[in-house]
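K.L.:
Residue numbers (full-length UniProt numbering): 1 to 176.
Glycine included, every Cβ here is placed at the ideal spot set by N, Cα and C.
Have a look at this one.
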């Protein structure tokens, strides 16, 4: 085989490999449609906006413990959607565990008094960090994480929407 024939064969193989990778991005081996990472971010972004509105609405429209604990659960639901917004390939269980972990960490951070000081300076800090530790909040964070994790797992399963595996192209290796 001549050098030119070898070069042509290598280029043909490279083109076929690229075509195969493109096909894999659009379907899985069993022909299940997949969504690109950018498209899978639309759902969490919309859900985060709805959750934020629901949480603020619950605090404004409801009274007492119902408002407080609904807000706590929705806080964790919001964190769940933010996890998926940042990392759309995260599985529902992992996203729920991370959301609960972030919520619980912030609740425990309130024991230091720093969030209360920040809340005096900023309404946004008050919304994000709260002001005082309340142990029952941890339970409601868990409720929010479990409910949203199970619901999202079921929705993804029912819609049969899968997310393609991470490739070098997703990480920007071939796109600059």
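(1) Have a look at residue 72 and residue 107 and give me their C-alpha separation to the nearest angstrom.
(2) With distances taken from CA atoms, which of 150, 149 and 103 is nearest residue 133?
(3) Could you work out which residue in 124, 101 and 159 is closest to residue 139 when comparing CA atoms only?
(4) Output needed for residue 158: all residues of its chain with C-beta closer than 8 Å, excluding positions within five of it in sequence on either side, in chain order.
(5) Leaving out five residues on either side along the sequence, give the residues of the same chain with a beta carbon under 6 Å from the beta carbon of residue 69.
(6) Pairs of beta-carbons, one from the stretch 55-68 and one from the stretch 116-125, closer than 8 Å: are there three or more?
(7) Count the other C-beta atoms from every protein chain shown that fall within 10 angstroms of the C-beta of residue 51, then say buried if there are 16 or more, exposed otherwise.
(8) From what residue to what residue does the alpha helix (DSSP H) around residue 71 run?
P.N.:
If we stick to the structure as given:
(1) Distance between the alpha carbons of residue 72 and residue 107: 10 Å.
(2) 103
(3) Residue nearest to residue 139 within the set 124, 101 and 159 is 101 (criterion: CA-CA distance).
(4) none
(5) 140
(6) no
(7) buried
(8) 64-86
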